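A.B. asks: Handing you this structure, nothing more for now.
2 protein chains.
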Amino acid sequence: MANITKKVSWSSRGDESGGGERTPLLNGSEEVRYTRQFSGDGGMFHIGRLSTVDLEEDMTSDEDSVRGCPKEIPHNEKLLSLKYESLDYDNSENQLFLEEERRMSFLGFKCLEISRWVICGLIGFLTGLIACCIDIAVENLAGVKYFVVKQNIEKFTEVGGLSISLILWAVLNSAFVMVGAVIVAFFEPGAAGSGIPQIKCYLNGVKIPRVVRLKTLVVKVCGVICSVAGGLAVGKEGPMIHSGAVVAAGVSQGRSTSLKKDFKIFEYFRRDTEKRDFVSAGAAAGVSAAFGAPVGGVLFSLEEGASFWNQMLTWRIFFASMISTFTLNFFLSIYNKKPGDLSSPGLINFGRFESDSVAYNLYEIPLFIVMGAVGGLLGALFNILNYWLTIFRIRYVHRPCLQVMEAMLVAAVTATVSFAMIYFSNDCQPLGPDQSEDYPLQLFCADGEYNSMATAFFNTPERSVRSLFHNPPGSYNPLTLSLFTLTYFFLACWTYGLTVSAGVFIPSLLIGAAWGRLFGILLASITPNGSIWADPGKYALIGAAAQLGGIVRMTLSLTVIMVEATGNVTYGLPIMLVLLTAKIVGDYFVEGLYDIHIKLQSVPFLHLEAPATSHWLTAREVMGAPVTCFNRIEKVGTIVDVLSNTSTNHNGFPVVVPVAASDDMGKICGLILRSQLIVLLKHKVFVELARSRLTQRKLQLKDFRDAYPRFPPIQSIHVSQDERECMMDLTEFMNPTPYTVPQETSLPRVFKLFRALGLRHLVVVDSENRVVGLVTRKDLARYHMGKHGLEEMQLAQT
Amino acid sequence: MANITKKVSWSSRGDESGGGERTPLLNGSEEVRYTRQFSGDGGMFHIGRLSTVDLEEDMTSDEDSVRGCPKEIPHNEKLLSLKYESLDYDNSENQLFLEEERRMSFLGFKCLEISRWVICGLIGFLTGLIACCIDIAVENLAGVKYFVVKQNIEKFTEVGGLSISLILWAVLNSAFVMVGAVIVAFFEPGAAGSGIPQIKCYLNGVKIPRVVRLKTLVVKVCGVICSVAGGLAVGKEGPMIHSGAVVAAGVSQGRSTSLKKDFKIFEYFRRDTEKRDFVSAGAAAGVSAAFGAPVGGVLFSLEEGASFWNQMLTWRIFFASMISTFTLNFFLSIYNKKPGDLSSPGLINFGRFESDSVAYNLYEIPLFIVMGAVGGLLGALFNILNYWLTIFRIRYVHRPCLQVMEAMLVAAVTATVSFAMIYFSNDCQPLGPDQSEDYPLQLFCADGEYNSMATAFFNTPERSVRSLFHNPPGSYNPLTLSLFTLTYFFLACWTYGLTVSAGVFIPSLLIGAAWGRLFGILLASITPNGSIWADPGKYALIGAAAQLGGIVRMTLSLTVIMVEATGNVTYGLPIMLVLLTAKIVGDYFVEGLYDIHIKLQSVPFLHLEAPATSHWLTAREVMGAPVTCFNRIEKVGTIVDVLSNTSTNHNGFPVVVPVAASDDMGKICGLILRSQLIVLLKHKVFVELARSRLTQRKLQLKDFRDAYPRFPPIQSIHVSQDERECMMDLTEFMNPTPYTVPQETSLPRVFKLFRALGLRHLVVVDSENRVVGLVTRKDLARYHMGKHGLEEMQLAQT
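Now the structure itself:
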């Protein structure tokens, strides 16, 4: 019956997320490799199979090759990993699904709609609550730490022996960071970093393992508290986005697989389509709580994720964002003993920018654009340095204990450098009556004065940013700012990518604010009439935007986030121009930081459009072929064998009707997923050949939902030899109307269809509707614009 | 050769925008009509053809039927008109297109990208400039008018004879309005109203005739100046959106067909896909200039139009919006002799809401929600009244001179009512030192006092809104506000839908601000400790949001527009809650005002999703069939005959390959549009049968672009009898890979594909890839959720 299933053995480079292959092993051992170099107009074009000799030469000379040195560089930006699965944004409209939808009344749909709103409200509430907990914990821990160190410093300033203070500070920092690094490195490595690249991938449709688990959330929250309290050059804002996403993925499913607790609610939402919508809402709620920017949160989610704009979904996302920022604000106002005061909507508060005092003039716009360019340059430098560092870490720092040690080292160095900077600084400022410093360090300053360098270093980064924005002109001297920028730049660059939970937003803002303020001070000093440049805080804000834009390269959403965080719409245009310039300048050199890290993970990330010059590529050239297909009624043994084949590990299989009197591929009549087959095998939905049909429990959608999302591996399902001879009727379970394209379809057209509908598998058919290939995510993500035109990436199993 | 073309004669209800038919006339004269009523669970389901007797009974009893009384109600919300064509957001990737794309270098694509940015900048600049002109013209004309009337009133207050002032006022108003109404009614009826429903339709993908012409823009701008200066209860903000869209459609094409001027630039953008993107940018720039809300503008465009979210496009739209508000602000600052002052970014300026003075408290949120509900109720009432009025107008006021007379009548009545209200009001307020009134009317008040009613009525609506928001507590007494709300509500309701260019945003805000302020005053009077409710301006703002939300039912974009217009992020949450409540309450009774007017025009508007309970409908039931197809090489005579058939007027034709030894439909191999065929016929791209092939000019994409968008009608193309015998080879020009779906595809799935890709024609094929039907916009727009479940609308040629 499996006459269409091609049982040749495949290359180990076979596709993981679909039933298509790139490179069948024609004689069983020969390895074939394509290299392609093409460019648009006038460029060279070379396609073909290299001979074995060529190949070997190539392998030895090309260090980046998969097989060349796979141990040394498991992550490589010129590869696409096949280990990532896709999310399926396209509902499998099989008979079970259609029956359920038909049974559902109009009222039923209304109830679902209300559930969605309730879930979004809950997501917002819990995200806000988590943000609030993080904020309070960090404030208290950091407060205790700075209090102890400050007392110690004051004690030893007079009598000498400040090295003891330094040691105390460094030990305290390292201790905090050690806790944070240990839980991340040993318990949940997925909680490392800001989580924004992971969430970007998830919203893009890539299933990153363990990214939305409860354990990840717990480790993330504890980790971020430790690393911020430990004085690293990090922020607690980025991780909020990840936290929001995990909350959303948990709440929307109405159960926790980790806690083995099923509340039996929201069962309808147990599928990729719905879950991804909620995760978008969670990410938006996270942004909203982090920056007090609900609109910015919505735009972030849309920019990263939702390829298909849906008004109701957007509105719900906005609702979650609003609830999130409101919850945070409300609980913080109670904590701060000013209940009802709604003036701190986010974790980072830029403080009030009054339009009158800091309005900009038209002739300042060219200056802002110059600052944008500087931000782009510095951002590119940051990214390149961090890229090298990450490569180094991947090669040499991959054991957990090494990672913990590196984190502790960074913490100690941060404390030491900070201490040295404060110690050698002689920038004393008078303590004003409206003193906003929380831990003013007098050190060697005269009485009634404090060390200005300490406001930048001896403080949580959020407070330092606010001081740079709002302290009156003259609070910092230029040397302090230059030194601070320089040291903090390298510290932040070293810190990003450590095995701790931490974000890069705040350090970027801090670096930018420092050189922006410096820029403002210098401007004021070189212009004859200093009064018009009187407010360096304005330049600090623009510098912060430029630096952040130069590093992360977000566009619309970042503009709105910055505008909302300043609470002043007037700055919209300059911030937009600055971000635009920073992006253009930065993109000239290197990609954004998140994109670099995504590439280093070899994630098959789909950009918004196919590369511009790819119109001449067709589905035939792009698709994986031949395809493993099943018949409508297929032998259980065949199915088990195909699923067990670890070298292919396909996830989707076209279902075909054999064409009479032909040994060719069959006509497409459906598409079935590995996960569905697993559930069918588990419930033994077999038809025995001898008897007409076994009386068996009718399978329902509920059975598929219960298994979602952690479907058991095929190895855990025991199928007896007798059962192997049974047949399985796939008709009821397959998606009977998968999207198909003809072979001649151009790549941009395939790309558009794939991206707009959030597909996982796209079947390529010939004019007779026979299956000739399958397009999956990695087939589209492989092509990208390189320096010399269109380039194709290698695929790797790692 | 045309063996597949079905040459039966069709019903006059045939589809206009596609090659598919709903109801073939099986015996030439019998008219068949479907009625369907279905509901989800447990409802009744009835589908079938009514017998002729049933039909006649039905026709006499059912006034709304198409054929029942088509003369009386040419517009009907239960019909879908077939006169509207679709825009095609899907590129026709024929050989010419692919060749051009292949020839283009990477640099070429970069240049195109830069052109797009330049165009967006231009769109923003011109839109801002137009907004500036409108603002200055209105200010001056209204200023002169109010000055003259004020002098007259002051002259006659002492000596008596104020009826002369009344007449002067009414005559001035009517004169302005007459000019505005005459140009709209006689020269360009498409410029009537705010234009927002039309732009919504355009962005949705419906080609509304004449909506983006230069003439429409000129009439719109002059019309809106006249109607606002004429004292009607209208605003100049809504029309800005339409103006921006027209600017975009013109600039992006690099030529004006009206002025017969082709600049030979931007030729690449002469197709629906690109044009629609630019029109989105134009609409956003319009919103941005109107409200000083660039982010709100972007969200408006996205909410209404872009089904496929594209980051670069969004970013460009944002750029256009920013430039637009900046241009307006810059020129207004020069006009106001404060160059460089960037504090008036929009046509309407809500004034400064300082967060300290008007911060809200948690316990006020329930009050805001109540206000939202009131706004929803009043909005629904407004919409229902306006709906009846519109039906009345459609039936009885359809001649231009009647329309002009109605507009003049409304102008005179507005003046009379305003005068009466001011005359009988005895709400005198002292003239403060910081007098913000431009035309304080003393009338019968004591010296040093002014008539409070006059600040609301004797003023442009924008200034009245600002007074209601910001005048100190006590500026208005409750009676004044109640009377004002009542009269202005009915005036605004009567005014919307007149044959003048005018928007409904400002009147809605004004009504809402009035009752919101009243609400605030009443609250302050009933609470013992009045101080916490001290600022009625806050309630005026919330009331304005509620009323506007209740009328137009926009969601996210309106929230952001309101927040940006107030310039204060703090109000985000209450405004969102208010708009949400207003929408829920309002939707319970009736749709939003724009949707009502779109329905009354019988536009096939596609909502974001298929109706919830439509999963059981399949493509087979939805599609139009049989389909008029062409062969790859088709006889010219056949093509001309099919195109000339006025009863069908198809716009897209599948191209098929005949199946050997079968009289059945052929296999799909492409899709060609009417417009393409017209160009081919015009350029006589024929192959004569006698000779092998004529030497002829090779057709290029340029020829299609030159004809875009006003392709000549088939009647204007002369084809001789000899030429009719020639053949035409469509291979090169057809889209070789149109999207197809199998017959069993469910309606939501078809809908999603159609909507996400912005298709115009979707071919339905059987398992052999033979064409069995064609789905076009009207096939999907027909289904909607009614009171009793899913309902199907009738199609009509009108």
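Residue numbers (the UniProt record's numbering), protein chains in the order written: chain A, 1 to 798; chain B, 1 to 798. We treat Cβ as the ideally placed atom computed from N, Cα and C, and that holds for glycine. Bear in mind that the values here come from a model prediction, so they are computed numbers and not experimental data.
Can you find a C-beta in chain A that's less than 7 Å from the C-beta of valine 295 (chain B)?
C.D. replies: With 7 Å as the cut-off, valine 295 (chain B) counts as an interface residue toward chain A.
A.B. asks: Taking the C-alpha atoms as reference points, what is the distance between aspartate 779 (chain B) and leucine 203 (chain B)?
C.D. replies: Approximately 19 Å between the Cα atoms of the pair.
A.B. asks: Relative to the C-alpha of serine 720 (chain A), which residue among A:Val741, A:Phe686, A:Lys702 is closest?
C.D. replies: Residue A:Phe686 is the option with its Cα nearest to serine 720 (chain A).
A.B. asks: Which of helix, strand or coil does DSSP assign to arginine 399 (chain A)?
C.D. replies: Coil.
A.B. asks: What does DSSP give as the partner residue(s) for phenylalanine 97 (chain A) in the beta ladder?
C.D. replies: DSSP lists no partner for phenylalanine 97 (chain A).
A.B. asks: So is valine 569 (chain A) in contact with chain B if we call contact Cβ pairs under 7 Å?
C.D. replies: Yes, because at least one Cβ of chain B sits closer than 7 Å to the Cβ of valine 569 (chain A).
A.B. asks: Say whether chain B places a C-beta atom closer than 7 Å to the C-beta of asparagine 310 (chain A).
C.D. replies: For asparagine 310 (chain A), the answer is yes, since a Cβ of chain B falls inside 7 Å of its Cβ.
A.B. asks: On a Cα-Cα basis, can you pick out the residue from A:Ala249, A:Tyr268, A:Ile542 that is closest to glycine 108 (chain A)?
C.D. replies: Cα-wise, what sits closest to glycine 108 (chain A) is A:Tyr268.
A.B. asks: Cα separation between glutamate 154 (chain A) and phenylalanine 457 (chain A)?
C.D. replies: If you take the alpha carbons of glutamate 154 (chain A) and phenylalanine 457 (chain A), they lie about 16 Å apart.
A.B. asks: Taking the CB atoms as reference points, tell me whether valine 771 (chain B) and valine 763 (chain B) lie closer together than 7 Å.
C.D. replies: Yes. Within cutoff.
A.B. asks: Distance, Cα to Cα, glutamine 797 (chain A) vs cysteine 111 (chain A)?
C.D. replies: Their backbone Cα atoms lie some 44 Å apart in a straight line.
A.B. asks: Put methionine 785 (chain B) into one of helix, strand or coil per three-state DSSP.
C.D. replies: Correct three-state label for methionine 785 (chain B): strand.
A.B. asks: For glycine 592 (chain A), which of helix, strand or coil comes out of DSSP?
C.D. replies: Note: glycine 592 (chain A) maps to coil in three-state DSSP.
A.B. asks: If you check the beta carbons only, do residue 799 (chain A) and alanine 245 (chain A) fall under 7 Å apart?
C.D. replies: What the structure shows of chain A is the stretch from 1 to 798, and residue 799 (chain A) is not part of that stretch, so it cannot be assessed.
A.B. asks: Could you name the residues of chain B that residue 799 (chain A) contacts, counting a contact when the two beta carbons are closer than 7 Å?
C.D. replies: Outside the shown range of chain A (1 to 798) lies residue 799 (chain A), about which nothing can therefore be said.
A.B. asks: Mind checking aspartate 447 (chain A): buried by the 16 CB within 10 Å criterion, or exposed?
C.D. replies: With fewer than 16 Cβ atoms within 10 Å of its Cβ, aspartate 447 (chain A) is classed as exposed.
A.B. asks: One question on the structure: do serine 324 (chain A) and threonine 127 (chain A) come within less than 7 Å of each other, judged by their Cβ atoms?
C.D. replies: Cβ distance < 7 Å, so serine 324 (chain A) and threonine 127 (chain A) count as in contact.
A.B. asks: Roughly how many angstroms lie between the CA atoms of valine 8 (chain B) and valine 636 (chain A), to the nearest whole one?
C.D. replies: Bear in mind that the predicted position of valine 8 (chain B) carries a pLDDT of just 31, short of 50, making it too unreliable to give a figure here.
A.B. asks: Report the option in A:Phe97, A:Arg620, A:Ala170 whose CA atom is closest to the CA atom of alanine 420 (chain A).
C.D. replies: Residue A:Ala170 is the option with its Cα nearest to alanine 420 (chain A).
A.B. asks: Buried or exposed: lysine 260 (chain A), going by 16 or more other Cβ atoms within 10 Å of its Cβ?
C.D. replies: Its Cβ having fewer than 16 others within 10 Å, lysine 260 (chain A) is exposed.
A.B. asks: Output yes or no for whether 7 Å exceeds the beta carbon distance between glutamine 95 (chain B) and glutamate 732 (chain B).
C.D. replies: Contact: yes.
A.B. asks: Count the other CB atoms, across all protein chains shown, that sit within 10 Å of the CB of glutamine 198 (chain B); report buried if there are 16 or more and exposed otherwise.
C.D. replies: Glutamine 198 (chain B) is buried by the Cβ-count criterion.
A.B. asks: So glycine 230 (chain A) and phenylalanine 176 (chain A) are in contact, right, with Cβ under 8 Å, and what is the actual spacing, rounded?
C.D. replies: Contact flag correct, Cβ pair sits at about 3 Å.
A.B. asks: At a cut-off of 6 Å, is tryptophan 388 (chain A) close to the ligand ADP when judged by its beta-carbon and the heavy atoms of the ligand?
C.D. replies: Looking for the ligand ADP in the displayed structure turns up nothing, as the structure carries no ligands at all.
A.B. asks: At least one CB of chain A closer than 7 Å to the CB of leucine 573 (chain B): is that the case?
C.D. replies: Taking Cβ atoms only, chain A reaches closer than 7 Å to leucine 573 (chain B), which makes this a yes.
A.B. asks: I'd like to check one pair, valine 569 (chain B) with glycine 567 (chain A): are the Cβ atoms closer than 7 Å?
C.D. replies: Yes, the pair counts as a contact, with Cβ atoms nearer than the cut-off.
A.B. asks: Quick one: grab the DSSP three-state call for valine 657 (chain A).
C.D. replies: It is a strand residue.
A.B. asks: In the structure shown, what three-state DSSP assignment does asparagine 310 (chain B) receive?
C.D. replies: Looking at asparagine 310 (chain B) - three-state DSSP - the assignment turns out to be coil, as it is neither helix nor strand.
A.B. asks: Out of A:Ala289, A:Phe326, A:Leu232, A:Glu158, point me to the one whose CA is closest to phenylalanine 489 (chain A)'s CA.
C.D. replies: It is A:Leu232.
A.B. asks: Taking 7 Å as the threshold (beta carbon to beta carbon), is glutamate 744 (chain B) in contact with chain A?
C.D. replies: Cβ-Cβ to chain A under 7 Å: yes for glutamate 744 (chain B).
A.B. asks: If you follow the beta strand (DSSP E) that alanine 796 (chain B) is in, where does it begin and where does it stop?
C.D. replies: It spans 794 to 796 - the beta strand (DSSP E) in which alanine 796 (chain B) sits, taken as one unbroken run.
A.B. asks: Kindly indicate which residue of A:Glu237, A:Val298, A:Ile317, A:Pro611 has the alpha-carbon position closest to the one of phenylalanine 291 (chain A).
C.D. replies: The residue with the shortest Cα to Cα distance from phenylalanine 291 (chain A) is A:Glu237.
A.B. asks: Between A:Trp515, A:Lys145, A:Val182, A:Val184, which lies nearest to leucine 166 (chain A) when the distance is taken from Cα to Cα?
C.D. replies: Considering only alpha carbons, the answer is A:Lys145.
A.B. asks: Quick check: the Cα distance between proline 473 (chain B) and aspartate 535 (chain B), rounded to an integer number of angstroms?
C.D. replies: Computed Cα separation, rounded: 6 Å.
A.B. asks: Are the region 600 to 617 of chain B and the region 579 to 587 of chain B in contact at 8 Å, needing three or more beta carbon pairs?
C.D. replies: At 8 Å Cβ cutoff, the stretches do not touch.
A.B. asks: How many angstroms separate the CA atom of isoleucine 369 (chain B) from the CA atom of leucine 510 (chain B)?
C.D. replies: Whole-angstrom Cα-Cα distance: 19 Å.
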